[in-house]
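*Asks:* Protein chains in written order, with the numbering used here: chain A, 1 to 1122; chain B, 10001 to 10488. If you scroll down you'll find the structure; I have some questions about it.
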Amino acid sequence: MPDLPSSKHVPHPHRRIDGVLHHHTPGVLSYAEIQATTNFTFLTGASHAEELAQRAAELGYRGIAITDTNSLAGAVRMHVAAKEAGLPLAIGCRLEVICDVESRFVSILVYPTHREAYANLCQLLTRGKLRSSKGKCHLTLHDLFDFHDGLLAVVIPPAPPLPVDDHFLDVLVGLKSVFTQDRLSIAAAIAFDGQDREYLHHLIALSDHVSIPLAATNDVHYHAPSRKPLHDILTCIRHGVTVDQAGFLLKPNAEAHLKSPDEMHRLFAHHPQAITRSVSILDRASAFSLDELRYEYPHETCPTGKSPMEHLTELVWAGAAEKYEDREQKSEIRSQRSESRGQRSEVRDQKSDATADSAISCSSIPPAVREQLKHELKLIAELDYPHYFLTVHDIVAFARGRGILCQGRGAAANSAVCFCLGITEVDPARFTLLFERFISKERDEPPDIDVDFEHERREEVIQYIYGKYGRHRAALTAEVITYRSRSAIRDVGKALGLSLDCVDRLAKHHEWFDAKGIQSSQLRELGFNPDDPIFIRLCFLVQQILGFPRHLSQHVGGFVLTDRPLCETVPIENAAMQDRTIIEWDKDDIDALGILKVDVLALGMLTCVRKCFDLIAQHDGPRYDMHTIPAEDPAVYDMICKADTLGVFQIESRAQMSMLPRLRPRCFYDLVIEVAIVRPGPIQGGMVHPYLRRRTGEEAVSYPSEAIREVLERTLGVPLFQEQAMAMAVKAAGFTVGEADALRRSMAAWKRKGHLIVQFGEKIITGMLARGYELEFAQRCFEQIKGFGEYGFPESHSASFALIVYVSCWLKCHHPALFAAALINSQPMGFYAPAQIVQDVRDHHIQVRPIDVNHSAWDCTLEYDATASANTDQMNPAIRLGMRLVKGLREEDACRLRETVMQQGFFRDIQSLWRAASIPTATMRRLASADAFGSMGVDRQRALWQVRNLHDAHLPLFDESIGGADEVEDDPHLPAVSDSHQVLHDYMTTNLSLKAHPMSFLRSRLDAMGVTLHVDLGDPVKCPTGSRVQVAGLVLVRQRPGTASGIVFMTLEDETGIANLIVRARIFERFRKAAAHSQIIIANGTIERDSTAGQVVHVLVQSIRDIGRSGNSLLQKQRNFH
Amino acid sequence: MLIVRTVAHRQLVVRTCALAMKAGVKPGMTLAHARALLPAHPMAHQEADEPCVHEHDPQRDRQSLARLARWATRFAPKVQPDGEDGLLMDVTGCAHLYQGEQKLITQLIQALAQLKFTALVAIAPTFGAAWALAHHGDPHRRIIDRLDQIPAALSPLPVEALRLDEETADNLREVAVRHIGQLLSIPRRLLPSRFSEDLMLRIDQALGLAMETIDPMRVPQAVIAQRSFEGPVRDAKTIALATRQLLDDFTQKLHQLESGVLSLQMTLHRYEADVVLIPLSVSRPTRDARHLWQLLSPHLERANVGHGVEMLELRAISVAKVAHHQLHHPQWSTCDGAAPMNEAISEQERARLMDVLVHRLGPDHVTQLEPMESHLPERAARLVPVDHPPLTSPARITSHDRPTQLFDSPEPIAVHALTPDGPVSLVQWRGQSLRVESCRGPERLTSQWWREPTGSRDYFAVRLHTGLHLWLFRDARSCRWFAHGWWA
């Protein structure tokens, strides 16, 4: 047994406590926890920051520190939570530091005491993280010495048994020489391991020996002892073991929680100075608050010598002049453009200088726009946001310069300023209602602009940003990946020791956990015993772990740009992706601190639109741009009203298509509504049907008050946009603008913080009642506002999207072949696979030609024949499918092949092509398998047979005579191939077939069964509403919208068209095997038609059967449940 | 019933029973998928609606296939296991023993059925053709008599019937060659440059153009020792002596085979009475005659010899290879560097002791303690049978001081402290009042929440004035005290 110091060395507790505590809060025992690990030390801490802050406040703590391991990821949350709880907070971090060549670790808690010290900590962490792989942090003692300034340090001594070795003493002495001015302490924690008294005495002796004071901590990992099971489970998940196997990995007791100050004082009764020390550390460290981080915009965006506002004003007026002059002298500008892009920008630059002032009076700018611009610029100047617009403008200008299509959206994006800067193409002159919700003066937050770029070229933009601002000043925000029910069931189930397949089965049905926990009947159905306590524990733990962060991932495109190095504000780490760095905070954190971010997002349709513009220009058409597409073309709206929108942006989905004939959009604003209305938000809020009824005139448009009329007039009295929900809260319920904004935030976070919106609900309803509205109306309004919680769509986003909708529709309407080719060339994107796109263009009488080595390029191309134009007056070219459709083919090989064909002309046999292009035989086989040698008169079977005789090993360069190719071959007597096999093979290699539809081979069988052709479903005579039908086809899409209470929408395809199925949850479950997995099904049901428009027909399904057992696995992948 | 294999965290079905196959379960499916198919099936057994799932053990499969091959030597002299589930038998010259090939097939199938095997059997002039017929052929046409009948018989069968690897079969199917007939009609000289050499070999093997021989199973030599007496012997001493001589013979034979015996059977052939069987098994393979005698003699003493024993027989049931050990060298016992050797010897001694104990007391009465990683003292070790395989990684023993003896169940104890929560000053235990001289603790241990209701105990190590070292705890919920062990 180790020696105990004799009792006379230990001063009497009371004397000490009295003497010291008086100094702080007389009469009350005070304690501050300076070592608290939140769940942002992933799979270690078992409580949220909020819970810790809340509990510490309840216990009357003097304050709390957050000390996650090598991370500040939870700091902002803790900051906000502590502020709410009115609790002083010390931002801190537990560093795991390598202290010698033997890679021994020592753990040190550090706390910055002022802004610069905080910058040091961030830089220190950044250094450690950037030199290691994602999620790791590699630091040495020397790194800490480099950045020690202003940091308080608390060294965590090694676990018992003490006494410590010389090595640790050396570390202490080293630290002491650096952390001068009383900044160093040693942590003392009571672990209840039976040796606490000896341990504490040893620490006291050590502390005396090196003269470093002790600081009391409780090494908190959870706020309450009831979290011990969760803590154990997290430990198990971290180590990949089950609780039964975990053994000593688990802590023996549940003492690492926040204890009452009384208890802490009792535990440290022998050495109360330690408690005092902790309190004083907290006092010193809480002098710094994250509120001190002040955001500074990057300075590069503005040339020296000009104020940012001057620069912005010049750019805006120059842009305005150009945009509206453009309008009038379109043809002239266009010819200028085609002459030389470089020249043009030069011209513009000169002009912008010269005409900055005169542009204001430029006659071509509509007066309304001019007024708007002046108004907006004034606001921007007042709120001091010119840098923000300049930053976005800089990124957009780069993309434009590279010919990358982009489009801004977001609250501020649809301002006249943004239009003139080229950030958005939504012309304020075209519709006039979006400006109200620009940046409001009351709401002091940075404006919000997201910019979408072509999905294939976004990386260029990202690398430009890194290049221009440097990795120390630009980084992506993080996305905190949290436990969702599926992952929670999986991990917790495994840790509890459930077998893998049990876990799989449970996880597959994870929806239950979202709602009301496990239901025993469902468990029984899956073959489990619901009374088994393991499921009770599973349920309990899953509920607790939901929302726990698991790791940091990168946000889709949120960039944070700063003027001073970003790594002085927040630690930066490597992302999983090469060449990406992310900060430790997510977008909520950034919002909370008012830091600017620009969303650089990817949008597939922009790629498609740009490719289509390119194709038009290549084929002697005009060079279009987003804003030069002719506006409000009735032919386009006609097409939209017919729901002929396969492949276009947004309004291509089932739900959207079925809405189109009812909504009958005739102008741009109708499209804005169309985009917003078919969303879970409005659907859940019950706004869709009232709007439709009012639009068709079935219901009178009325407003309960004049104030509400103002808000809702343009949407016929039905709130459809997020902005309207906010405006209603202000106008009708008396919210301040700030409160309305808080409401907007709580709408977004409704799932996570359900209680918040309920509070707002009461406020809305009482507010409206007080203003004389009826209770029923007030409640309905609240329900509608709550509906936005799911996916409310802001009008500004809608407008930006609507423009892309319009442009893509215009292209599809006037250049269907080119649009289809561009669409296929931009895959994967959108809702439909190439097979459906091809089917659709063929339905529009456009010829589609097969992939062929002599004709195809990598991309789909267009072929104009002299004869084709005679047949159709539209001058529609034929589409030649590109080799990109061949599965597994490399672009490089395809391009080499194409070059060879372009140089040497038409090839007549496989051998000579192979030799000329010198590509691997594996590639030749892929092409043969895709039946791409048709122009040589060689069918797939023959091609495969011939290709088998090519061998990479002895290249034919040297031994031309040897290769068996030149001799005349015997007829191999290969068996005949049936058509159905041909088609299956087509699907196998290219996911589509031009020869026939797979269903056509089943047709005779299906006819015998009385199956209705899809084309006949639309015919009210053959298939009257309510009649029973059988339909059969390939399953293209299965969708289960979150709002449709389990209803599954399925789309079937046969050789004549599409059938839309509605499968109720009960039916789906009953026929689960066929409904959820089969590729070819036959469904029995009744015809349903919408009375307002006879164009969309659904089959309400009563039974489903699988009929495609044989060979159906060869067919394409379906899109399931997107 | 499903046999599954775990591949990269997924459990895949390897084999299924007929019932599951009927429900649509196929090899290669994930177990979860298979389960989803099963309960819905009307044929699924009412009570056992949970399918019975076993982990695939290829080693055991191979062993039992080898056993079956050995068994099948009663039908033909040369038998070889084929793949995972086949047997190749050379029945040349055997058929007439069964009055023709058809009858041979019938008898073979019947004999296998008695062993609960379902078999597909075919006979052909080449192994390749027989394999093809057995795996893919028409169940009613199982015999090819002559070599020249092979092409016609195989023509309608799929190309896989030629024992092709999957890739070659895929390549053939790609050009629509599905049946052997289609393949054979392609001019032969076009094939080698296009397909693997294996294809040509397989064709030739099936058609009899290439030789194929089998590597028949070798039946291991039986280890048997016998001793006959002139007449019935009743004298125990004589029998014992004879048995010991027999054991010497027996172990000598094992020695020649470099093997030891794991289980054996002694048979006493009695005069005008049934035989007496004495089965014996040991924990490790041995050929130590003395050890075997130790184990055997008690049984022999108890054996009823009736009117006398005419013959003794020792037969090895299962044997295993035994490496040669230098068992003992007088010099090494004092040498420091001989730890591994000592370990080997002590392990042998231990095994020997175990065998003796198990044979004296019965296997259920001998157990051993296995350490477990657990903070809770009750769970820090568990009793396992002696034949339990030794742990691969011995559990860490807790760093905390634990008593040398733990009581079977905690004993209530009265405890007095001078102040509440203060150190223990006096305990009353087993009718004695004992003064506490020193007390260490508490060590707080919480229960394993996944097994039992939550609770925690504060443990104290106390030294009493008698010198006794007790381990006490206070149960947090009831605040009652217990003694849980002591230090010797």
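Don't be surprised by glycine CBs; every beta carbon is placed ideally from N, CA and C.
Once you ignore the five residues that flank lysine 995(A) on each side, which residues in its own chain have a CB closer than 8 Å to its CB?
*Replies:* Within the same chain, lysine 995(A) has close Cβ partners Asp979, Gln982, Val983, Asp986.
*Asks:* How would you label glutamate 568(A), buried or exposed, when you count the other beta carbons within 10 angstroms and need 16 or more for buried?
*Replies:* The residue in question, glutamate 568(A), is buried, as its Cβ has 16 or more Cβ neighbours within 10 Å.
*Asks:* If you draw a straight line from the alpha carbon of alanine 10152(B) to that of aspartate 501(A), how long is it in whole angstroms?
*Replies:* Computed Cα separation, rounded: 48 Å.
*Asks:* Got a sec? Which residues, its chain only, sit under 8 Å from cysteine 10017(B) by beta carbon, not counting five neighbours each side?
*Replies:* Once the five neighbours on either side are set aside, the close Cβ partners of cysteine 10017(B) are Met10001, Leu10002.
*Asks:* Mind checking whether glutamate 10313(B) and arginine 10227(B) have CB atoms under 9 Å apart?
*Replies:* For glutamate 10313(B) and arginine 10227(B), yes; Cβs fall inside 9 Å.
*Asks:* Using a beta-carbon distance below 9 Å, is isoleucine 973(A) in contact with chain B?
*Replies:* Note on residue identity: the sequence assigns histidine, not isoleucine, to residue 973(A). Interface residue, yes.
*Asks:* Can you find the residues in the same chain that come closer than 7 Å, C-beta to C-beta, to glycine 86(A), ignoring five residues on each side of it along the sequence?
*Replies:* Closer than 7 Å at Cβ, skipping near neighbours: Ala57.
*Asks:* Using a cut-off of 7 Å between C-beta atoms, extract the partners of threonine 10374(B) located in chain A.
*Replies:* A quick correction: the sequence has serine, not threonine, at residue 10374(B). Under the 7 Å cutoff, chain A gives Gly247.
*Asks:* Between which two residues does the alpha helix (DSSP H) containing aspartate 1007(A) stretch?
*Replies:* Counting along the chain, the alpha helix (DSSP H) containing aspartate 1007(A) begins and ends at 1003-1009.
*Asks:* In chain order, what residues of the region 931-951 of chain A put their CB closer than 7 Å to some CB of chain B?
*Replies:* Residues Gln941, Leu944, Trp945, Arg948, Asn949.
*Asks:* Would you mind reading off the limits of the alpha helix (DSSP H) that contains leucine 10262(B)?
*Replies:* That residue, leucine 10262(B), is in no alpha helix (DSSP H); its beta strand (DSSP E) goes 10259-10270.
*Asks:* Straight-line CA distance for proline 10403(B) to histidine 555(A)?
*Replies:* The straight-line gap from Cα to Cα measures roughly 55 Å.
*Asks:* Under 8 Å between beta-carbons, which chain A residues line up against glycine 10441(B)? List them in chain order, please.
*Replies:* Neighbours of glycine 10441(B) on chain A, chain order: Gly194.
*Asks:* To the nearest angstrom, how far is the alpha carbon of glutamate 710(A) from that of leucine 720(A)?
*Replies:* One C-alpha to the other measures close to 14 Å.
*Asks:* For alanine 10176(B), return the contacting residues in chain A, with the cut-off set at a CB-CB distance below 8 Å.
*Replies:* The answer, in chain order, is Gln941, Leu974, Pro975, Ala976, Val977, His981.
*Asks:* CB-CB under 7 Å to serine 702(A), same chain, minus the five flanking residues each way: which ones, in chain order?
*Replies:* If we look at serine 702(A) and ignore the five residues flanking it on each side, its Cβ neighbours are Gly717.
*Asks:* Any C-beta of chain B sitting closer than 9 Å to the C-beta of aspartate 244(A)?
*Replies:* Closer than 9 Å to some Cβ of chain B, the Cβ of aspartate 244(A) qualifies, so yes.
*Asks:* Between alanine 575(A) and isoleucine 582(A), how many whole angstroms is the CB-CB distance? I'm expecting something under 8 Å.
*Replies:* Yes, alanine 575(A) and isoleucine 582(A) are in contact; Cβ-Cβ is about 5 Å, under 8 Å.
*Asks:* From the beta carbon of proline 261(A), is the nearest beta carbon of chain B less than 9 Å away?
*Replies:* Cβ-Cβ to chain B under 9 Å: no for proline 261(A).
*Asks:* Counting only Cβ pairs nearer than 7 Å, list the residues of chain A close to serine 10155(B).
*Replies:* Simply none; closest approach about 12 Å.
*Asks:* Kindly list, in the order they appear in chain B, the residues whose Cβ is closer than 7 Å to that of lysine 887(A).
*Replies:* Result: empty, since nearest Cβ-Cβ is about 14 Å, beyond 7 Å.
*Asks:* Just mark phenylalanine 1049(A) as buried or exposed, buried being the case when its beta carbon has 16 or more other beta carbons within 10 Å.
*Replies:* With 16 or more Cβ atoms within 10 Å of its Cβ, phenylalanine 1049(A) is classed as buried.
*Asks:* Which bits of chain A does serine 10185(B) rub up against, with CB to CB less than 7 Å?
*Replies:* Those within 7 Å of serine 10185(B) in chain A are His973.
*Asks:* Just how far apart, CA to CA, sit phenylalanine 777(A) and glutamine 578(A)?
*Replies:* Approximately 54 Å between the Cα atoms of the pair.
*Asks:* Would you call valine 841(A) buried or exposed, if buried means 16 or more other Cβ atoms sit within 10 Å of its Cβ?
*Replies:* Buried.
*Asks:* Would you please state the rounded distance, in angstroms, between the beta carbons of isoleucine 1107(A) and isoleucine 1080(A)? I believe it to be under 8 Å.
*Replies:* Rounded, the Cβ-Cβ distance is 6 Å, consistent with contact.
*Asks:* Between tryptophan 10449(B) and chain A, is there a C-beta pair that is closer than 9 Å?
*Replies:* So yes, tryptophan 10449(B) belongs to the interface.
*Asks:* Considering only the alpha carbon of each residue, which of Gly1026(A), Pro229(A), Leu1013(A), Pro850(A) lies closest to cysteine 539(A)?
*Replies:* With distances taken between Cα atoms, cysteine 539(A) lies closest to Pro229(A).
*Asks:* Which same chain residues, not among the five before or five after leucine 10418(B), have their C-beta less than 8 Å away from its C-beta?
*Replies:* Closer than 8 Å at Cβ, skipping near neighbours: Ser10425.
*Asks:* Would you say lysine 508(A) lies against chain B (beta-carbon separation less than 9 Å)?
*Replies:* It does: the Cβ of lysine 508(A) has a partner Cβ on chain B nearer than 9 Å.
*Asks:* Give the straight-line distance between the Cα atoms of isoleucine 10413(B) and arginine 10440(B), rounded to the nearest whole angstrom.
*Replies:* Whole-angstrom Cα-Cα distance: 17 Å.
*Asks:* Take histidine 10465(B) as the anchor and find which of Gln10432(B), Leu10257(B), Phe10482(B), Trp10450(B) has the nearest alpha-carbon.
*Replies:* Of the candidates Gln10432(B), Leu10257(B), Phe10482(B), Trp10450(B), the one whose C-alpha sits nearest the C-alpha of histidine 10465(B) is Gln10432(B).
*Asks:* Which term fits glycine 697(A), buried or exposed, when burial requires 16 or more other beta carbons within 10 angstroms of its beta carbon?
*Replies:* Glycine 697(A) should be labelled exposed.
*Asks:* Going by the DSSP bridge assignment, what does serine 107(A) pair with across the sheet?
*Replies:* Answer by DSSP bridge pairing, in chain order: Glu96(A), Ile156(A).
*Asks:* Bridge partners for proline 10158(B) per DSSP, in chain order?
*Replies:* Its beta-bridge partners are His10179(B).
*Asks:* Let me confirm a value: glycine 558(A) is counted as buried when at least 16 other C-beta atoms fall within 10 Å, else exposed. Which label applies?
*Replies:* It is buried - the Cβ of glycine 558(A) has at least 16 other Cβ atoms within 10 Å.
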